[in-house]
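Engineer:
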Amino acid sequence: MERQYPEVVGVRRTGWAALDRDPQEDRVEYVCPHCGKRGQKNARRERTQYHFTDGFLQDLQGEVTNCRACGQSLRVVPIVMLHDQDETRRFEAVFSDELEIAHKPAA
Ligand SMILES: [Zn+2]
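Going by our numbering, the sequence shown opens with residue 868, and the numbers climb by one from there.
1. Throw me the rounded Cβ distance for the GLU874 and ARG942 pair, which I believe falls under 8 Å.
2. Using DSSP with H/G/I as helix, E/B as strand and the rest coil, what is ASP926?
3. How big is the Cα-Cα spacing for ALA974 and PHE962?
4. Between GLN939, GLN928, TYR917, which has its C-alpha nearest LEU823's C-alpha?
5. Output yes if chain B places a C-beta closer than 8 Å to the C-beta of GLU874; else output no.
6. Tell me the DSSP secondary structure of ALA974 in three-state form.
7. Rounded to whole angstroms, what's the CA-CA distance from PHE981 to GLY938? Just pull it up for me.
8. Specify, as a first and last residue, the run of the beta strand (DSSP E) that ARG880 falls within.
9. Quick check on this structure: which residue in ARG956, ALA960, ASN933 has the alpha carbon closest to the alpha carbon of TRP883?
10. Run the proximity test for LYS904: is its beta-carbon closer than 7 Å to any non-hydrogen atom belonging to ligand 1?
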């Protein structure tokens, strides 16, 4: 049986949504559900494994990673691919509930 990890929504920014950083980097960004620190990992899954769901290109399988701050495991799922600022804004509106939970400091 696969171990269950706490899940958190991740963002993979490309193109116009990623102008503030090195375009060679292909990262998935998330907020650790254990400690509340922002983290990132190298995107591992091919873009062809992302599918349109609810108006966004999403990877619904996600990726398991370890938080660099607290060392605990988590699953980043779904991973939402964002291409520009419009999509980023739309994403923040649609996922505001999840993002609020993710940004709450750990108790
Ligand atoms: Zn952590």
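We treat Cβ as the ideally placed atom computed from N, Cα and C, and that holds for glycine.
Given the structure is predicted, the values throughout are model-derived calculations rather than measurements.
Structural biologist: For this structure:
1. 5 Å
2. strand
3. In this predicted model, ALA974 has a pLDDT of only 49, less than 50, meaning its place in the structure is not dependable; the value taken from the coordinates is given anyway. Going by the C-alpha atoms only, they are around 22 Å apart.
4. Residue 823 lies beyond the stretch modelled for the chain, which goes from 868 to 974, so this question has no answer here.
5. Considering every chain present, this structure includes no chain B. It has just one protein chain.
6. Confidence at ALA974 is low in this model, with a pLDDT of 49, below 50, so its placement is unreliable and the value that follows should be read with caution. Here ALA974 sits in coil by DSSP.
7. As shown, the chain starts at 868 and ends at 974. That puts residue 981 outside it, with no answer to give.
8. 874 to 880
9. With distances taken between Cα atoms, TRP883 lies closest to ARG956.
10. yes
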